[in-house]
Amino acid sequence: MRTTRRHRVTPYLFLLLPLSLVTFAQLLPSLFTTTLSFHDWNIISPPKFVGLEKYQQLVTSETLLRSLRNTGVWVVGTLAFPVGLALVIAKILTIVEFGRPIYKAIFFVPATLAPTIAAIVWRRVLTTEQGALSALLPGEYTSVLTDPTLNTFVMLGVWTWQFLGLNLVLFLVGFESLPRAPIEAASIDGASGWQIFRLVELPLLRPIMLLVVGNAVINSARMFDIPWVMTAGGPGRASETLAISLYRESFLLFNMGLGAAIGVVISILTLVFAVRAFRGPA
Amino acid sequence: MIRRPPTAFRVAAHALLIALAVVWLFPLASVALVLIKDATQFRALAYWTLPPLADVVPNIVENLRTAWTRADIGRYFGNSVLYAAVAGIGSGLIASLAGYALVHLRLRAPQSWFMLLFIGNLFPFQMFLIPLYIGLTTINLYDTRVGLILVYLGITLPFALFVYRNYALTVPHELFEAAWIDGASPWGGFTHIFLPITFPALIVVFVFQFTWTWNDLLFGLVLSESARPVMTALSALTGLRGGVPPSTLIAGSLIAALPPAIVLLGLQRYFVRGFVIGIEKE
Chain Y
1 MRTTRRHRVT
11 PYLFLLLPLS
21 LVTFAQLLPS
31 LFTTTLSFHD
41 WNIISPPKFV
51 GLEKYQQLVT
61 SETLLRSLRN
71 TGVWVVGTLA
81 FPVGLALVIA
91 KILTIVEFGR
101 PIYKAIFFVP
111 ATLAPTIAAI
121 VWRRVLTTEQ
131 GALSALLPGE
141 YTSVLTDPTL
151 NTFVMLGVWT
161 WQFLGLNLVL
171 FLVGFESLPR
181 APIEAASIDG
191 ASGWQIFRLV
201 ELPLLRPIML
211 LVVGNAVINS
221 ARMFDIPWVM
231 TAGGPGRASE
241 TLAISLYRES
251 FLLFNMGLGA
261 AIGVVISILT
271 LVFAVRAFRG
281 PA
Chain V
1 MIRRPPTAFR
11 VAAHALLIAL
21 AVVWLFPLAS
31 VALVLIKDAT
41 QFRALAYWTL
51 PPLADVVPNI
61 VENLRTAWTR
71 ADIGRYFGNS
81 VLYAAVAGIG
91 SGLIASLAGY
101 ALVHLRLRAP
111 QSWFMLLFIG
121 NLFPFQMFLI
131 PLYIGLTTIN
141 LYDTRVGLIL
151 VYLGITLPFA
161 LFVYRNYALT
171 VPHELFEAAW
181 IDGASPWGGF
191 THIFLPITFP
201 ALIVVFVFQF
211 TWTWNDLLFG
221 LVLSESARPV
231 MTALSALTGL
241 RGGVPPSTLI
251 AGSLIAALPP
261 AIVLLGLQRY
271 FVRGFVIGIE
281 KE
């Protein structure tokens, strides 16, 4: 009898510690933030219920709309460069075998760096005060980081440098695990290299493609580290992403309700991909 | 047999790869030049001019020493070692409890318990920032190591569980049935069978969560001042207020870059495995 009880109650005890940690760090906070987004709160006076006002503010404020647009640029740009370019390079590396390990190593090294460090490294390259690039360029060099129309794209380049290696490694794993039979059959039937890639290999790569794209969308829609270290969202607030706006509104301007509303918006934007990719922090 | 690509294609491919490799190596070369000069040489010499060869090693040592002691990177490095090690090992161990219970013990509605434990991970971390800041302040754990450890554990746990659950599904259930018939307790089945068998999952989780915690900038920024992790401390050194000489900043970045690089390169196999774990099983 004792054994049965042990086997009936103990399983739940195993869940106790994991569940309390997750409740503390994620479950209660998500509920709190969602509730807070319907309130006006500056941390000092008590929160006041304002309905959808914070969301209204979000879609009418020029700063926050720009932040939303920048986040869109980050997501689309991420799919084009660190993902799209990685796919191209992976395909090329499966065709040309010479030097493959060296190329792979070179592209992967930045992927081992934290985004914070990637940003510090590239600031040294791009700065006007004794920068590595300005020393090579003839004539006057004005920093591309202070140009509000350019800097998001420049930082996207930095992100490509940092993030491409991981996607490349994953795509290479994908290409290696492709079944050979359909590719050889297509080849015998006279399909061109491009046709094989588009009609045979790409569809077979679908699982890994979903994984890479999901991971990329989630990471780029939440982008904070690189713009925070490189421009702090500036000049002014021109290169802010939603994540930076959330930080600034909540912890520098103490618009807690607005910050929470931005958090909810980022959640909605990434939820589809998060559910699909079913992934964790990485 | 797949046809050998035409020479023109191979030449073009290598031209593209070499051009990209140069771009990829350029920033690393740029910071290497900062690292091998002392402050005076950095100011006096042109950027790409090398210092006297005999100075290189002493300069690197001196720059690393200055960063470690004078910029206090040593202290923050210690904090990050603590956070990343505890999150890296702890999240795996705690997740293993739940992974075991969910797959091999008799629970009501294991799928629902899993969703409850995992669902927080579908939200971006920004959703948790405001409540965690307020929560830690309320229970007097703001800017404490304990507070940050709790947060990092709670954030890294769901993905650890995801890995553990998938791994647990590959362990034959009969092993535990046999043990229970022999009179083993659920706890005995965990320590004697489950933990040893799922050791590879612990390494996969460690690689991911050590790296993720080490690279975190945002939680450190919001939840700590003196108990800061190293990335947050580094990013503060880039600012106008806390600015340090370039050689110190780059040396500090190198120090901060080493642990995850060593973990990732040393355990690369497990890293890729962690990524594809979701698509190979299910």
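Chains as they are written, first to last, in the numbering used here: chain Y, 1 to 282; chain V, 1 to 282.
Positions of the beta carbon are idealized from the N, C-alpha and C atoms, including for glycine.
Note that this is a predicted model, so its numbers are computed, not measured.
For the region 213 to 230 of chain V, residues whose beta-carbon sits nearer than 8 Å to a beta-carbon of chain Y comprise Trp-214, Asn-215, Leu-217, Leu-218, Leu-221, Val-222. Nearest in C-alpha terms to Gln-26/Y, of all of Phe-42/V, Leu-129/V, Leu-97/V, is Leu-129/V.
For Ile-106/Y, the nearest CB of chain V lies under 8 Å from its own CB, placing it at the interface with that chain. Its chain contains Val-217, Ser-220, Ala-221 as the residues whose beta carbon lies nearer than 7 Å to that of Val-75/Y, once the 5 sequence neighbours on both sides are disregarded; these appear in chain order. Of the candidates Val-230/V, Asp-216/V, Ala-21/V, the residue whose Cα lies closest to the Cα of Pro-101/Y is Ala-21/V. In terms of beta-carbon proximity, Pro-200/V stays away from the interface with chain Y, with every pair separated by 8 Å or more. For Leu-204/Y, the closest of Pro-179/Y, Gly-214/Y, Ala-186/Y by C-alpha to C-alpha distance is Pro-179/Y. Contact annotation: in the region 66 to 81 of chain V, no residue has its CB less than 9 Å from a CB in chain Y. For Ser-91/V, the enclosing alpha helix (DSSP H) starts and ends at 73 to 104.
Secondary structure of His-7/Y (DSSP, three-state): helix.
Residues of chain V whose Cβ lies closer than 9 Å to the Cβ of Val-169/Y are, in chain order, Gln-268, Phe-271, Val-272, Phe-275.
Using a Cβ-Cβ distance cut-off of 8 Å, the region 199 to 214 of chain V and the region 77 to 96 of chain V are in contact, since at least three pairs of beta carbons, one from each stretch, lie closer than that value. Below the 7 Å Cβ cutoff, chain Y contributes Val-22, Gln-26, Leu-27, Ser-30 as neighbours of Gly-120/V, in chain order.
At least one beta carbon of chain Y lies nearer than 8 Å to the beta carbon of Gln-126/V.
Contact annotation: Val-125/Y and Ser-30/V have beta-carbon atoms nearer than 8 Å. By DSSP's assignment, Lys-48/Y forms a beta bridge with Asp-40/Y.
Counting along the chain, the unbroken alpha helix (DSSP H) around Ala-118/Y starts and ends at 115 to 126.
Counting along the chain, the unbroken alpha helix (DSSP H) around Met-155/Y starts and ends at 151 to 176. Boundaries of the alpha helix (DSSP H) harbouring Asn-219/Y: 206 to 221, taken from the DSSP string. The beta carbon of Ile-197/V lies closer than 7 Å to those of Val-171 in the same chain, with the five residues before and after it left out. No Cβ-Cβ contact shorter than 8 Å links Ala-118/Y with Tyr-47/V.
Counting every other CB atom within 10 Å of its CB across the protein chains shown gives Gly-214/Y a total of 16 or more, marking it as buried. By a beta-carbon distance limit of 8 Å, Thr-211/V does not contact Leu-157/V. Their separation comes to about 16 Å. Distances from the alpha-carbon of Phe-98/Y to those of Ala-84/V, Ile-60/V, Glu-62/V, Arg-10/V put Arg-10/V closest.
In this structure, Leu-65/Y sits near Val-59/Y, with a CB-CB distance shorter than 8 Å. With a contact defined as Cβ atoms closer than 8 Å, Ser-96/V and Phe-194/V qualify at about 7 Å.
Annotation: Ala-86/Y has no Cβ neighbours in chain V at a cutoff of 9 Å; minimum Cβ distance is about 11 Å.
Each residue's CA atom was taken as its position, placing Asp-40/Y and Phe-219/V some 24 Å apart. Straight-line spacing of the CA atoms in Leu-113/Y and Trp-159/Y works out to 11 Å. With a threshold of 8 Å between beta carbons, His-192/V makes no contact with chain Y.
Using beta-carbon distances, Pro-260/V counts as an interface residue toward chain Y, with a partner under 8 Å.
Identification of chain V residues near Gly-263/Y by a Cβ-Cβ cut-off of 9 Å yields Phe-123, Pro-124, Gln-126, Met-127, Phe-128, Leu-129, Ile-130, ordered along the chain.
For Val-151/V, the C-beta contacts it makes with chain Y under 9 Å involve Phe-24, Ala-25, in order along the chain. For the C-beta of Pro-11/Y, the chain V residues within less than 8 Å are, from N- to C-terminus, Ala-101, Leu-105, Arg-106, Leu-107, Pro-186. Under the 8 Å criterion on CB atoms, Phe-251/Y is classed as interfacial with respect to chain V.
Within chain Y, Gln-130, Ala-132, Ala-135 have C-beta atoms less than 7 Å from the C-beta of Tyr-47/V, given in sequence order.
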